[in-house]
Amino acid sequence: MGYRILVVDDDEVFREQLARALTRRGLEPTTCDGYDSAMQAAESEFEMAVLDLRMDGPNGLQLLKDLVEKQPDILAVMLTGYGSITTAIDAVKLGAINYVQKPADADDLLAAFDRGLKNSADPTDVEYTAPTLARLEWEHINRVLNDTGGNISEAARRLGMHRRTLQRKLNTYPPNE
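By the working numbering, the letter at position 79 of the sequence shown is numbered 104, and the numbering carries on one by one without gaps.
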């Protein structure tokens with residue numbers, strides 16, 4: 026293979042383990058801990074990128090947008106521990122070919138690249154499973170939180186719930202489909 030891949034995640038242990046695993050699979054990873062170092066690394070050409078959604082400073086969506094502007098042919102996969110349909114749609118609109126929830130390993134990410142390329146070539150093979158009510162609630166809460174710029178108090182007001190209740194809901198893992 027020999028593809029150059031940019032790996033951006035603020036979790037140093039995860040980032041370095043992922044880079045070693047990608048190297049063992051024949052890729053050439055470059056690791057970065059955030060937006061600034063990733064944009065500096067993007068002065069070189071990359072075929073692929075794995076971007077964490079939540080980081081200090083500008084988030085992964087902003088990084089994706091700026092990276093795609095700089096390198097329009099890059100294949101990007103968003104990676105997050107706080108996945109929602111809303112952020113997945115935003116990522117795809119900005120140029121990501123797929124979206125993967127943590128915990129994920131190198132094989133999960135490479136499979137996501139493969140699925141993303143296949144789905145963009147033949148959208149008729151996409152299977153749809155309706156999300157549960159709990160999952161829809163999680164999606165709605167995250168969309169409102171995103172719309173308020175991460176302001177918990179304002180999101181709670183818009184959702185009609187107490188701020189502490191919202192914080193408890195946000196501290197749980199997202200429900201499975």
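Glycine included, each C-beta is placed from N, C-alpha and C at the ideal position.
Keep in mind that this is a model prediction, so the values were computed, not measured.
- DSSP places residue 99 outside both helix and strand once states are collapsed to three, so it counts as coil.
- The C-beta distance from residue 61 to residue 35 rounds to 12 angstroms, too long to meet the 8 angstroms contact threshold.
- For residue 124, the enclosing beta strand (DSSP E) covers residues 121–126.
- Secondary structure at residue 55: strand, using DSSP grouped into helix, strand and coil.
- Under the DSSP assignment, residue 50 falls outside any beta strand (DSSP E); it carries neither an H nor an E label.
- Inclusion of residue 184 and residue 176 in the CB contact set at 9 angstroms is not warranted, their separation being larger than that value.
- Leaving aside the five residues that flank residue 82 on each side, the residues in its chain whose CB is nearer than 6 angstroms to its CB run, in chain order, 59, 60.
- In this structure residue 132 is exposed. Its beta-carbon is surrounded by fewer than 16 other beta-carbon atoms within 10 angstroms.
- For residue 29, the three-state secondary structure derived from DSSP is strand.
- Residue 34 sits in coil when the DSSP states are folded into three classes, being neither helix nor strand.
- When 90, 39, 51, 118 are compared, the shortest CA-CA separation from residue 105 is found for 39.
- Within its own chain, no residue has a Cβ closer than 6 angstroms to the Cβ of residue 117 once the five positions on either side in sequence are excluded.
- Remark: C-beta atoms of residue 129 and residue 137 approach each other more closely than 9 angstroms.
- Relative to the Cα of residue 162, the nearest Cα in the group 174, 197, 143 belongs to 197.
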